[in-house]
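> For the sequence shown, UniProt numbering assigns the number 106 to the last residue and increments by one with no breaks.
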Amino acid sequence: MYQRDIEKLENIINDRKRAHKYLMAKKSKIYEAFLLMEKAAYTTDVLERKHKELIAIGVSIVTDCESCLEWHIGQALKSGATNRQIIEAIEVAIEMGAGPAAVRRD
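(1) Starting from Tyr42 and walking both ways along the alpha helix (DSSP H), at which residues does that stretch end?
(2) With distances taken Cα to Cα, identify the nearest neighbour of Gln85 among Ala101, Cys68, Lys52.
(3) Looking at Val62: is its Cβ nearer than 8 Å to the Cβ of Ala89?
(4) Touch check for the region 5 to 13 and the region 63 to 70: three-plus C-beta pairs under 8 Å?
(5) At what residues does the alpha helix (DSSP H) containing Cys68 begin and finish?
(6) Within 10 Å of its beta-carbon, does Ala81 have 16 or more other beta-carbons around it, so buried, or fewer, so exposed?
(7) Tell whether a beta-carbon distance below 8 Å holds between Ala40 and Leu54.
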């Protein structure tokens, strides 16, 4: 990994932490509700946490959210996902992003 890539990741992480701290300090009801929704979404029921994180990686790719992607790759690894599983999730997301574009009529 190049130094500029490491610096970019560090900036993404720092920005996310800064935003979290700010919104918590402001006691944002919407942000608090978001955190509760996030907790509920990642609670293991039928799908394992690892699989939910792999889905989130795919959504992060399609929605072009670098901060989300960085976060969910880390969480996927912590949940037991392999590098190859993460790559496959990214590959599926790329296909899903390109597929609709290939069949659009406008």
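Backbone N, C-alpha and C fix where the C-beta goes; we use that ideal spot for every residue, glycine too.
The relevant details are as follows:
(1) Its alpha helix (DSSP H) spans residues 29 to 42.
(2) Nearest of Ala101, Cys68, Lys52 to Gln85, Cα basis: Lys52.
(3) No, the Cβ-Cβ distance between Val62 and Ala89 is not below 8 Å.
(4) The region 5 to 13 is in contact with the region 63 to 70.
(5) Taken as a continuous stretch (DSSP letters only), the alpha helix (DSSP H) holding Cys68 covers 66 to 78.
(6) Counting of Cβ neighbours within 10 angstroms places Ala81 among the buried residues, the total reaching 16 or more.
(7) No.
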